[in-house]
Every structure is written in structure tokens, then in C-alpha cells.
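> Start counting the sequence shown at 560; every next residue gets the next number (our numbering).
Got a structure for you, written out below as C-alpha cells; questions coming shortly.
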Amino acid sequence: MDSESTVNEYRTARVAEVLSDFRTLQYYIAAAPADPTNMDDYYTEGWAALRQCALDGQHILNCAADITVPRSSGGADEQAKAELKQVYLDAYARRHEGQKIYLRQAACQRWIEWRDQILMGGQPHSGNQSQLRVIDQQLRSELANITDEVIYAELQASDIGMGRWTDEDPSLRAVQRWIRSRRR
């Protein structure tokens, strides 16, 4: 077996790992609540962000894969390499976007817990407005810190820590291009 065939096996295994990660993220994204039990909270910041996460999660799952791969002039191994790299980018970018959605949902769910603790089953009123403003600001801050750069670095560190083959992981720029090309 030549070295290109061996590397293609690594690529294939890597795509399977990344797709498995994405599938797990999709499960968690789909399981998150999107509507409050108290409909008075429907338009609050955290619940609106959670609904957006649900929509984003559905979009990333439903957007079509780019399966256009140019014909390679280097034979079957080179063609397999080109096809695997395209699938690799698609899976990697989906996992990246899924992780971003998952972290946004987690921030929103923490906000819901804090809000519930402040309200203690009651309604917002002048006595708890300042506390509610603080947690709204905390949510905004957390959401602002969930950036592509942070997600990319965290996923890369996790992959390396698990001993995964990362030699040909797509660059952050490639991931961002993939995401931009699939915006609604």
C-alpha cells in the first residue's frame, strides 16, 4: 500500500470521527428547549436566542453538501484524495457550526436557570429588574465570546488531546468560507 492510500485511510477515519461528533451535537441541539413554559417569557433575550439556535441547528443539518469535486489528473488515489478533502471540509465545518450553536444554547440555558432563580416563580418587577439586567448583560457577554476563533481553537485542542489525526484539518478561513456560502 502506498503512502497516499494510507493517508486516504486517515482522511476517511477523520471524516467518520468528525461526523460522529456532529451527530452528537445535533442530538443535543435538537433536545434543547425552544419555547418557555411561561409564555410571558417568549420574547425575552434568552428565549429568543434559544429559538434562533434551534433554527440554526435545523439549517446546518438541512443545508446541502457541496459534492462538486474537480476531476483529478493524478489517478484514482488523487481523485479519492480530492473527494475526501471536500467531504472532510463539509463535515469539519458542520461540526464547527454545531459546536457554536451548542455553546450558545448552553449560555441561554444558564440564563434561564439564573432568571428562574431570580423570579422564583413570580414575575419581573421593580425589585428584581437590576438583577435581571445583570443576567441579560451576562448572556450578551457570553454569546459575544462564542467566536469562530475560540470554537476552532477549542475543537483543535480537543482533537489533539484525544490523539486524533489532525494533519490536514481545514483552516479556520476555509471553515468560515464554507459557513458563509451556506447562509440563508
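Cβ atoms here follow ideal geometry from the backbone N, Cα and C, with glycine treated the same way.
Note that the structure is predicted; figures quoted are calculated from it, not measured.
Given that a residue counts as buried once 16 or more other Cβ atoms are within 10 Å of its Cβ, and exposed if not, what is arginine 739?
exposed
> Residues in its own chain within less than 8 Å of leucine 662 by CB, not counting five upstream and five downstream?
Ile705 and Ile710
> Assign isoleucine 619 to buried or exposed, taking buried as 16 or more other Cβ atoms, counted over all protein chains shown, within 10 Å of its Cβ.
Classified as buried, isoleucine 619 has 16 or more neighbouring CB atoms from the shown chains inside 10 Å of its CB.
> Is the Cβ-Cβ distance between aspartate 707 and glutamate 604 less than 9 Å?
no
> Quick one: what does DSSP say asparagine 687 is sitting in, helix, strand or coil?
Under the three-state reduction of DSSP, asparagine 687 is assigned to coil, being neither helix nor strand.
> Return the chain-ordered list of same chain residues with a C-beta closer than 7 Å to the C-beta of valine 577, the five sequence neighbours on each side being excluded.
Ala650, Tyr651 and Arg654
> From serine 689 to alanine 665, what does the alpha carbon distance come to, in whole angstroms?
23 Å
> How would you write the range of the alpha helix (DSSP H) that aspartate 594 sits in, first residue to last?
Careful: aspartate 594 lies outside any alpha helix (DSSP H) and carries neither H nor E.
> For asparagine 687, collect the residues of the same chain with a Cβ closer than 6 Å to its Cβ; drop the 5 residues on either side in sequence, then sort them by chain order.
Contacts found: Ile677.
> Alpha carbon to alpha carbon, how far is arginine 741 from histidine 682? Give it in angstroms, no decimals.
First, the residue type needs correcting, since residue 682 is glutamine and not histidine in the sequence shown. Their backbone Cα atoms lie some 40 Å apart in a straight line.
> What did DSSP end up calling arginine 741 once you bin it into helix, strand or coil?
coil
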